Every structure is written in structure tokens, then in C-alpha cells.
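There are 2 protein chains.
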Amino acid sequence: MNVMQNAEGKESSATRSAYVSLREMILTGKLAAGEKLKIEQLRTMLDTGASPVREALSLLTSDMLVERLDQRGFRAAPANLANFQEILGLRCALEDMALRKSIARADSEWEEQLVLVHHRMKRASDQNDIPTFEAAHKAFHMALLSNADSPILIRYCGQLYDLNIRYRYLAAAGTDYRKRDVGAEHDEILDAAVRGDADKASGALINHYRLTGEYLTVPLSEL
Amino acid sequence: MNVMQNAEGKESSATRSAYVSLREMILTGKLAAGEKLKIEQLRTMLDTGASPVREALSLLTSDMLVERLDQRGFRAAPANLANFQEILGLRCALEDMALRKSIARADSEWEEQLVLVHHRMKRASDQNDIPTFEAAHKAFHMALLSNADSPILIRYCGQLYDLNIRYRYLAAAGTDYRKRDVGAEHDEILDAAVRGDADKASGALINHYRLTGEYLTVPLSEL
DNA sequence: TGCGTCAAAAATATCGATATTCATTGACAA
DNA sequence: TTGTCAATGAATATCGATATTTTTGACGCA
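Sequences listed follow chains A and B, in order.
Final position of the first sequence in this note's numbering is 223; the numbers increase by one with none missing.
Final position of the second sequence in this note's numbering is 1223; the numbers increase by one with none missing.
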């Protein structure tokens, strides 16, 4: 029936496929914040049944990207400045915590992984390969935290990272990262982390977020 | 069809009803940690259809009370000491943050709410009304944080609170809160919060958790 | 003109049935 | 004896259809 088109190595179940697609559409704004999400509409969009769509929406509810309205279906989570700033503040607090734990447990394997992921991100940036960069950027930030040995904390950080993506798209139609030396900021974080300097690394990371936050706050202030 | 048995003011949709029931069963251990959750089994248990059960399990996945296994259904989230300790540590960190924010924005309305909720908890405790106490206890702790004006943070704290409940049941078959003066600890937190003494309140709160943590760690160490 | 009521239309939530996938067992071959 | 593989038996994931709300809009009445 659904079988799963395991073509190039994509998704396995219809539900997961719908989840990934819907998530992408919400993050990039193809499904606007606050928009009503009608099952039938999405069903035809994704060319799948109602059950996978419903279940995918349920899953997105966990990610705070979709809201469930009592008996009246779903809608994309609303976006507003207060929400953006809460996300920013929590990211600073939680990632600071996670990064420090990661560094406290540093080992050579983790450091190597960091360098590798950073390199991939830089390469994608140099080549202006935006989609690859997007993925690599998340991978870099999550790799920084990955050694914290705290799955719930990592989960929360990942959720907040994703929530923030949407605001980047809202603020700049997808192409943010303009000329402000983001690369140098990443380098600084990486260096400090590899050196095991938790204060420096955390400071650089938080500064990175605060700067991004300031960039985004202006265009978002009309929300 | 499902209509919703709005009898005494219970649940409205079959999904929500299933969600509440399953959540209760997992928290109290009626569905054991790590146990495979078969749709058919739960369907008959709850006397409802497969769709609401599936959807409820999806929702519980967000709460980290249920895990989804690739194509092989669901199981109750495993429990182990590391998980318990992570929850404990995160609770201390996140509730500290939330409580301080709450106190920083204190107003008389919030203070009154605190006193009220605390009173209800105490009354339930005096009357040995365990179920009411359980609910009131959560209400008290969430009320402490409720003024933080940070919905995501509150959400996380609530999730962690619930995750912890399960370990209380695992450790003591439901009846914890033995003679250690939990009431006095709560009083201390309340007093400091109402006085606006953030350091004292946060310290008392964290101490409350650490003490509980120590109580539970021993019986849980076999996990 | 404004408002409340009620019926029609749309959308959701749920059920029952079916196709698929996973797990198990037993036979067969090495 | 042991390992592989096919057939069988669960269990899941998904579909299509139906019952239940919710929403819309028209109508009548004040």
C-alpha cells in the first residue's frame, strides 16, 4: 500500500515522510505561522492519506511547530516577537549548560567530530550551497552539545534550534547570514571548544546568538 | 459515534481521553517502563478505537513517556538511573531559572494564587487525600513558576515534573512522601517566594529536589 | 437594521477493513 | 548440529467511509 518509496534513501513510512515535508514547509514559511492546517488540503498537497497527515501534525505539536485546537483541527504555531525572544533566551541558557557539560567531558573523538563537522559547514558556506549549509550548520551546533551526555537537554536544544529557523526565514525570506562575519564567530567557538576553554566557548556561542538575535529583532518587530 | 462522554466533566474527545488514561497508567507503573504497547491490547483496555490510541501514543511520545520504534509500534519509555538523574539535574536548573523570573515579576495576584494553591495542597496532605494531593502538589510547583512569562520554559518544567512522577512510583509503589518534613520544605519555599527573596526561594526549591532525589536514588539504583 | 435561530455545508474525529511489515518457527541443506 | 530461508502468524500502518462537530449563511422576526 504505502510501501515507502525508499528511492534514494529517503523516508520509510508515510507518516515520517509527511512529518518531514510538513516540518520543512512550516520552517520555511510555505505554511505561514498561524495558518489553519486543513487535513484535506495537506492530504492532496502531500499526496497521501489522512491518517499519516494527522499523525504528522500530532508529532509537530510536540515540536511546538503546530498547535492543536480543541475539536477544530490544527494550525501552524503563531509567531511573534515575544516567542522569538523567549526562544533566544532559552537557547542561550540551555546551550550554555550543554556546551559546558560537553567540554567537561571532552575527549579526542568528540574534538575530531567537531573539527569535521565544522569543516563541512565551512565548505558548504564557501560553495554557497545553502541547503547543505543549513544542515551542516545545525550539525555543527548540535555537535558542540553532543558530548554533554544529557539526551533531554539535547532534545530541547534541538527543538529550540528548529523553532529559531522559522524566525530566520520570517525575517529574511531564507537568506540571512549576510555580511557579518558569521564564519569567524564559528571559528572562535570551535577553537575555544577544542582547547577546552569553556568560558570562552560559551561566551562566544552566546554572543553568536545574541548578535543573530539583534539582527533578526528589527525585521521581526512588526510581528 | 464517539460523541465524548462528558459525564462529570471528563474528557471531550476519544483521543484526549485515551491520552489521559494512558499517561496515568504509565506514570503509575500500570504500564511498566520499557513495556511493549500493543495497539490491540490498549484498544480493548480503554474500550476505544485504534485511531485514538495511536494518536494518544503519538502525543505521549512528545512527553517522552512513550517511544516509537521504527516500524514496530510503541513502547513505554525505559526507566533507568541515568535518566532519573538527568531529569533531576534539569529540573534544578530550569526551575531555578523559572522561579527567579517569576519572583522578578511578582505581583499581588501571583502571590495570592501561590498562597491559595499552597493551602489546598496542605489541606489535601492533612486529610491524607493522596490523589488530590498529587494534583495539588503539581499545581503548587507549577504556580511557583507560572509568573515567569516564559511558556516554553514552563512547558519543559511541566514535562520534567511528570517524568519524575514515574520514578516516585517506581521507587515506592506510589506512596512516597514519608516522614521527612516535606510540608516544612514547601512552607519555606512559599515564604521566600512571597517575600520576594529569590535566592532563598530557589535554594529551598533546589534543596527540596535534591533531598527527594537522594531519597529516590537508593531504591532506584537497581534499575 | 440587527439579532437569534436553524439548516446546509465543510471539516474533523473515529471506525472498520486491508495491505504491509515484522517476528517466529520449522524445514532443509551444508 | 547449525545456519539460512521460506512460510506462517502477529502487529502495524494506512486507507476509505461514516458519524459528529463546527462553521457558514440565509431567513424571519423584532
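Glycine included, each C-beta is placed from N, C-alpha and C at the ideal position.
Treat the numbers as computed from the prediction; the structure is a model and nothing was measured.
Rounded to the nearest whole angstrom, the C-alpha separation of A/L59 and B/Y1161 is 21 Å.
Identification of chain A residues near B/Y1156 by a Cβ-Cβ cut-off of 8 Å yields Y156, ordered along the chain. Boundaries of the beta strand (DSSP E) around B/R1068: V1066 to R1068. Against chain B, the beta carbon of A/S146 has no neighbour under 7 Å; the closest one sits roughly 15 Å away.
One Cα belongs to B/I1039, the other to B/L1069, and the distance between them is close to 13 Å. With respect to chain B, the C-beta atom of A/S202 has no partner C-beta closer than 7 Å. Within 9 Å of the CB of B/T1048, no CB atom of chain A is found; the nearest one sits about 16 Å away.
Residue A/H141 holds the alpha-carbon nearest to the alpha-carbon of A/C92 among A/E109, A/Q71, A/H141 and A/A136. According to the DSSP secondary-structure assignment, B/R1075 is paired through a beta bridge with B/K1036 and B/E1067.
Inside the segment 1102–1173 of chain B, DSSP marks whole alpha helix (DSSP H) runs of 4 or more residues at positions 1108–1126, 1130–1145 and 1151–1172, from first to last along the chain. With contact defined as three or more Cβ pairs closer than 8 Å, the segment 1088–1104 of chain B and the segment 1192–1210 of chain B are in contact.
Close partners of A/T61 in chain B (Cβ separation under 8 Å): L1059 and S1062.
For B/E1185, the three-state secondary structure derived from DSSP is helix. In the three-state reduction of the DSSP assignment, A/N207 falls in the helix class. For A/L57, the enclosing alpha helix (DSSP H) starts and ends at A50 to S62. If you check each beta-carbon in the segment 109–140 of chain A against every beta-carbon of chain B, none falls closer than 9 Å. Interface criterion met: the Cβ of B/L1090 is under 7 Å from a Cβ in chain A. Residue state for A/E24 is assigned as helix, using DSSP reduced to three classes. The CB of A/I87 comes closer than 8 Å to the CB of I1152 in chain B, given here in chain order.
C-alpha of A/L46 to C-alpha of A/I189: approximately 40 Å in a straight line.
The Cβ atoms of A/P219 and A/A148 do not sit closer than 7 Å to each other. B/K1036 is a Cβ neighbour of B/R1075, given a cutoff of 7 Å. Taking a contact to require three or more Cβ pairs closer than 8 Å, the segment 1047–1056 of chain B and the segment 1016–1024 of chain B qualify as touching. Between B/A1033 and B/A1082, the C-beta spacing is not below 7 Å. By the neighbour-count criterion, in which 16 or more other beta carbons inside 10 Å mark a residue as buried, B/E1112 falls on the exposed side. Against B/S1013, the close residues of chain A are D70 and Q71, in the order they occur along the chain (beta-carbon pairs closer than 9 Å).
In terms of beta-carbon proximity, A/E95 stays away from the interface with chain B, with every pair separated by 7 Å or more. For a cut-off of 8 Å, the C-beta gap from B/L1144 to B/A1193 is around 6 Å, short enough to register as a contact. Judged by beta-carbon spacing, A/I87 lies within the 7 Å limit of A/N164, meaning their Cβ atoms are closer than that value. With respect to chain A, the C-beta atom of B/E1055 has a partner C-beta closer than 7 Å. Straight-line measurement puts the Cα of B/R1043 at about 30 Å from the Cα of B/F1133.
Shown here, B/N1080 sits in coil according to DSSP, grouped into three states, outside any helix or strand. Exclusion of the five residues before and after B/L1027 leaves D1162, I1165, R1166 and Y1169 as the residues of its chain whose Cβ lies within less than 7 Å of its Cβ. In this structure, A/A18 is the residue among A/S62, A/T61, A/D63 and A/A18 with its C-alpha nearest to the C-alpha of A/Q41. When secondary structure is reduced to three states using DSSP, A/G196 falls in the coil class, being assigned neither helix nor strand.
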